[in-house]
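Asks: Chains as they are written, first to last, in UniProt numbering: chain A, 1 to 458; chain B, 1 to 458; chain C, 1 to 458.
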Amino acid sequence: MTGAATNMRMKLPITCLILQIILIILFGTIVQYDDETDAKEWHEHLHNGSKDADNDFYYRYPSFQDVHVMIFIGFGFLMTFLQRYGFSSVGFNFLIAAFALQWATLMQGFFHGLHGGKIHIGVESMINADFCTGSVLISFGAVLGKTSPVQLLIMALFEVTLFAINEFILLTLLWAKDAGGSMTIHTFGAYFGLMVTRVLYRPNLEKSKHRNCSVYHSDLFAMIGTIYLWMFWPSFNSAITAHGDDQHRTAMNTYYSLAACTMSSYAFSSLTAHDGKLDMVHIQNAALAGGVAAGTAGEMMLTPFGSMIVGFLAGIISVLGYKYLSPILEEKLKIQDTCGVHNLHGMPGVLGAIVGAVTASLATPDVYGKGMEDVFPQIANGEFTASAQGARQAISLAVTLGMALLGGLLVGFILKLPMFGAPSDAICYEDSIYWEELSGEGGVIDKKITLVLEEDFV
Amino acid sequence: MTGAATNMRMKLPITCLILQIILIILFGTIVQYDDETDAKEWHEHLHNGSKDADNDFYYRYPSFQDVHVMIFIGFGFLMTFLQRYGFSSVGFNFLIAAFALQWATLMQGFFHGLHGGKIHIGVESMINADFCTGSVLISFGAVLGKTSPVQLLIMALFEVTLFAINEFILLTLLWAKDAGGSMTIHTFGAYFGLMVTRVLYRPNLEKSKHRNCSVYHSDLFAMIGTIYLWMFWPSFNSAITAHGDDQHRTAMNTYYSLAACTMSSYAFSSLTAHDGKLDMVHIQNAALAGGVAAGTAGEMMLTPFGSMIVGFLAGIISVLGYKYLSPILEEKLKIQDTCGVHNLHGMPGVLGAIVGAVTASLATPDVYGKGMEDVFPQIANGEFTASAQGARQAISLAVTLGMALLGGLLVGFILKLPMFGAPSDAICYEDSIYWEELSGEGGVIDKKITLVLEEDFV
Amino acid sequence: MTGAATNMRMKLPITCLILQIILIILFGTIVQYDDETDAKEWHEHLHNGSKDADNDFYYRYPSFQDVHVMIFIGFGFLMTFLQRYGFSSVGFNFLIAAFALQWATLMQGFFHGLHGGKIHIGVESMINADFCTGSVLISFGAVLGKTSPVQLLIMALFEVTLFAINEFILLTLLWAKDAGGSMTIHTFGAYFGLMVTRVLYRPNLEKSKHRNCSVYHSDLFAMIGTIYLWMFWPSFNSAITAHGDDQHRTAMNTYYSLAACTMSSYAFSSLTAHDGKLDMVHIQNAALAGGVAAGTAGEMMLTPFGSMIVGFLAGIISVLGYKYLSPILEEKLKIQDTCGVHNLHGMPGVLGAIVGAVTASLATPDVYGKGMEDVFPQIANGEFTASAQGARQAISLAVTLGMALLGGLLVGFILKLPMFGAPSDAICYEDSIYWEELSGEGGVIDKKITLVLEEDFV
């Protein structure tokens, strides 16, 4: 059942062990506690008048844990909708996230600035590492069911690196604002993944089509992922904004954007079905687009009103994307996007970037007051005008799209190397090639599950 | 399979879109950031000596997120116990909650007092909106499986409005205390829902009886809801109490009330079964009654001892209600209460209100010290005696019951209008009338699921 | 189907009610709010210059809730992997945890020191009670499927007591450090449970072997438990460390230990399978060993580098234990360890204790600065040398192992008393002896579930 190509006996252990040993060596060489996690340094701060309550842990750790849940439960379970790919969805999500967050600590630390040749880490770097990991998991959604875990680890290795470069260009060189990552996380992750899946195009994928669908309980598992992503998105977007009003406002804007998005997703899901029935794919995904689209402007003075409009549009775009655009992308552009990340992260991410550029260009001291220093420090200190900030936001979107598409192209070709053990077209979306048979007495229990279905009313 | 009446093609999209557009217009007109979410206002506070750490976000946002999980995961998954109604349970819960929290922001904001004609919002209003939403979801439990999503949205529209009025009467006119909502949330939501389901009585519901039951894994999904509700109830009851000892004490009282309630629920579930076996319905529901019953008195000096007695009784009442009272209510009073909300929210809510009245009437300066100002400001400033506070608590219960029953009666008749598309008696508790067929190859996978069962030992 | 021995009709209710009534009486007699939950006392603190923000609630409650999720969702769902024991796994976990946390409040309160003859409680005691409960749930994992709920409650009664004594010896008499409980929680719980299951050895357990295995969706439910444990372990280990850098550092060390552990677990799971396939048992369990192993040294200046090495080794040890050691323990030592707690909690706990002893013995003022007072107060004030602290850590491990093994021996024999209603060897791992039949029309739905499986490609 499992061909030589997909046998992971040597490939996967060697990849994991080499990557992890390199990580350990690099952490040992260049990573240090920051001032807030180091016993000696923090106590010098205390000596100089800080209090334990000022430690950033208390401002950010609850948000970090919410983000962490989104990464591991949210993304992991959202992808369990496939009937026979639940183990791999949760399990590979777990594996590549555990790798990516370590590698992201190094890459982001390197670009965010060294301290005497060392990377300093604390809760904020942990959140940023989880964010970067989220981007990789978005790309995973595009190739879900069609790649081996080794391919995924290699993809994560490159994608994290490119993510950190893109983030550096946007936030440090261009001084763009993108607290919730509409550009850095969602747009980047989606278009990177779409390009990878384009390069890995499988002409005979219809051989596995019967497994590229859900069953009743797999859809319920997926709803666990959806609901956690939805609930904690306010924490995601506000996790690394400035303290005080900024975190508070960002969370609230996101909350209303998501609520409005849910309403429009349900409306359009029903409206676009010939019999008015709701489609689980839309509910599981499109209802989240409001969080993506509030990722850039959420920390700005977008107002709840503006947030709701953004969410409302994001939900509509996302449902229409699933319904009408995805089939075209697959047929015409040969983009086989398993989870429809273009509809959940791609288009809503671009929308979020545009909303951010517009909102930034409208920033006035009258609205922001002294709070301008937190949200747009360069406008506050007179370095830029608001229009210039808006322009930089728009340029950032273009840079991100370029980096994602080029990066995805490059990495797609790397992943085509046969040594990474891609499954053949006929055994995609299938757990049993990577996971031990289910144990138990008797042959039948050892095999894959099918739910026997009946029809008892008409 | 789906008759014209239940076809949601136009009804649902139009309802969602109209409601959401009205919400957006109203938010644009009358809603503003409060002082803690507005960039300019908050920075003026900072200028006047506040610190970012004083922002209410840091006191309440972790509690808010716990409440949010209860609303969307807790209530949503608790109702997935039905074998064929999991999509609707989680999905309609999601939809009506997304609507209700927006509408509640407006209704509660209106009654809590305008600021220059505007509603000011922040984390506390978000918690209150989630609380109000909880009440609607309790009513949803009573009618679960028997109403269309359009009916549910209409119910939410009216119920939120009446909730806000009742809350205003209790908290502002009567100066009652009800931090965890034994009265405002649970009693109101339960009796409102019971009256609605009474008005919507279905004489031929036994035609759908074979679907009004659980299967093995649907009960496990429901346990996700139960456990999350149970774990986070301390956060629920303490989310909007005063800062400091009040939040701390309320959480702890609730924790012990729930623990004791779990013990008595297991005891009575086993005791009332002829063969001593536990009933999943009791465990999923009655074990939570301790949280409901600690909703009013939890912030008071109830003591852990008192909390445990309250929880202990609540568990007993709730199991006995499921076992003996619910069948009577259905047969004699024609109240078809799908989730048994009378046993989980109704009776325990009334118990909680009574405990609150008694505890309030026993409040003394000796016990509360200066903390009296937080818990009972009117007693502290000499406006009321403790007995008067107790009397006002009792009156509040009566008002709540009256508002709930009358409101439910009114709304029940509104929901009977045929245009809202109620399902017929023979297709209640059935996802397939509202949700797209499961996709996949071959006819059988397209249909509903049945689990084939076997018996392999005796 | 259910014999007299396993009929819980009287045994379970009586046990629950007696235990709960005793708890209520003891709480009424000797438990009081502490200074931070008592209205009067806290307001005197406020009067003397404290602020509400200084209340320990704001430092610890978010961590408490994460720990709470680990106890009820994490442990509960981790054990749902068994195909027919999901109700009991979650349900008995719920019951014994609800009991144990109350009993632990009393036992730990007694040993941690009375205040005028009273136990003072607040959020820190709630965390400690949850910790102690965790230890009982680890032991539950060893006997899962083979004990009645009455046996489990009796086990909890004794184990909590012994836990509190052991904790008192370690933390108060020996001044050992063990914030995340590698010794007090994991080593103690595991070896206690292993000894209990040894004493309760069932020679004919192979009669139930066909139920001692998972099915597809039961493994997905178990992954919910795994992922929650994994995500929140940083909160677990940091929940009761000193404020400031200590909580921050402990959380971060644990985060990196877990990430490295996940990588080595996947590597070794694949490496030790003849066809390179991953084993769900390893992923569900071994990937968590990094949290266990960072339990003692996590609060020390272990560095992320050191944490990753510890996690890396823990994952390897744990997988190898599941693969090679567990079968030997079962065959040679007659230890039937259902969940393999020796591999997840036992060996990684011992590793964590050793790492803690070594790290402590290497503590220098140069590294810790003034922070030494928080981590090793006795070293800071010159009472011990670092080596002495290390020695005390090592002695603590030995004491813990001794207490666990002797305690487990004693309690195992108590649990053999026939009145506690153990199931016979042929009906282990079976929900239907404790839970009401699933309701529904038609005979088949009333019976146990089997998933019919098919094989549709080769």
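Each residue gets a CB set at the ideal place from its N, CA and C atoms; glycine is no exception.
#1: Which residue wins for smallest C-alpha separation from F110(A), given the options S257(A), I354(A), E167(A)?
#2: Determine the direct distance from the alpha carbon of V196(A) to that of Y85(A), and round the result to whole angstroms.
#3: Can you tell which of P418(A), A388(A), C339(A) has the C-alpha that lies nearest to the C-alpha of G145(A)?
#4: Scan the region 63-92 of chain B for residues whose Cβ lies nearer than 7 Å to a Cβ of chain F and list them as they occur along the chain.
#5: Thinking C-beta only, is H342(A) closer than 9 Å to G321(A)?
#6: Near L333(A), which residues of its chain fall below 8 Å by C-beta distance, leaving aside the five closest residues on each side in sequence?
#7: Counting pairs of beta carbons, one from the region 300-316 of chain B and one from the region 254-271 of chain B, are three or more of them closer than 8 Å?
#8: Helix, strand or coil for K118(A)? Go by DSSP, reduced to three states.
#9: To which residues of the same chain is L205(B) closer than 7 Å at the C-beta, ignoring the five residues directly before and after it?
#10: Checking 9 Å against the spacing of the C-beta atoms, do Y256(B) and S307(B) come in under that value?
#11: Measure the C-alpha to C-alpha separation of A5(B) and S318(A) and round it to an integer number of angstroms.
#12: Of all the beta strand (DSSP E) runs that stay within the bounds of the region 102-151 of chain B, which reach a length of 3 or more residues?
#13: In terms of alpha-carbon separation, which member of M155(A), T296(A), I328(A), S214(A) lies closest to V411(A)?
#14: For a contact meaning CB atoms closer than 8 Å, what does A259(C) contact in chain A?
#15: Compare the C-alpha of S235(C) against each of T250(C), T226(C), H243(C) and name the closest.
#16: V399(A) CB to nearest chain C CB: under 9 Å?
#17: Would you be able to state if there are at least three C-beta pairs under 8 Å between the region 60-71 of chain C and the region 158-167 of chain C?
#18: Is there a C-beta anywhere in chain A that falls below 9 Å from the one on R9(B)?
#19: In its own chain, which residues sit with a C-beta less than 6 Å from the C-beta of S238(A), not counting the 5 before and 5 after it?
#20: Over what stretch of residues does the beta strand (DSSP E) that includes V31(A) continue unbroken?
#21: So what does DSSP say about W233(C), is it helix, strand or coil?
#22: Measuring only between beta-carbons, confirm whether D277(B) sits less than 9 Å from chain A.
#23: Let me check you understand the geometry: is the CB of D34(A) closer than 8 Å to at least one non-hydrogen atom of the ligand COA?
#24: With DSSP as the reference, label L82(C) as helix, strand or coil.
#25: Check whether the region 222-236 of chain B touches the region 36-46 of chain C, counting contact only when three or more Cβ pairs, one atom from each stretch, lie closer than 8 Å.
#26: Have a look at K11(B), G390(B), A353(B), Y59(B) and flag the residue whose alpha-carbon is nearest the alpha-carbon of H243(B).
#27: Does R202(C) have its Cβ less than 9 Å from a Cβ in chain A?
#28: Short of 6 Å in beta carbon distance, which residues of its chain neighbour I18(C), apart from the five on each side in sequence? Order them along the chain.
#29: Would you please state the rounded distance, in angstroms, between the beta carbons of K40(C) and Y368(B)? I believe it to be under 8 Å.
#30: Assign F81(B) to one of two classes, buried (16 or more other C-beta atoms within 10 Å of its C-beta) or exposed (fewer than that).
#31: Would M8(B) pass as a contact of K277(A) if the rule is Cβ separation under 9 Å?
#32: Using a cut-off of 7 Å between C-beta atoms, extract the partners of I127(B) located in chain C.
#33: Quick one: what's got a C-beta closer than 6 Å to T359(A)'s C-beta in the same chain, skipping five residues either side?
#34: Let's test the definition: count the other Cβ atoms within 10 Å of the Cβ of T29(B) and tell me whether it reaches 16, buried, or not, exposed.
#35: Compute the Euclidean distance between the alpha carbons of G76(A) and V123(C), then round it to the nearest angstrom.
#36: Taking Cβ-Cβ distances shorter than 7 Å, what residues in chain B pair up with A53(A)?
Replies: Let's see:
#1: E167(A)
#2: 20 Å
#3: C339(A)
#4: In the displayed structure, chain F is absent; the protein chains listed are A, B and C.
#5: yes
#6: R198
#7: yes
#8: strand
#9: Q336, D425, C428
#10: yes
#11: 28 Å
#12: 119-121
#13: M155(A)
#14: A98, F99, L101, Q102
#15: T250(C)
#16: no
#17: no
#18: yes
#19: Q247, T250, A251
#20: 31-33
#21: helix
#22: Residue identity check: residue 277(B) is Lys in the sequence provided, not Asp. Closer than 9 Å: no.
#23: Among the ligands in the structure shown, none appear at all, so the ligand COA cannot be discussed.
#24: coil
#25: no
#26: Y59(B)
#27: no
#28: none
#29: 6 Å
#30: buried
#31: yes
#32: Within chain C, no residue comes near I127(B); the closest Cβ sits about 15 Å away, beyond 7 Å.
#33: A297, M300, L302
#34: exposed
#35: 32 Å
#36: A53
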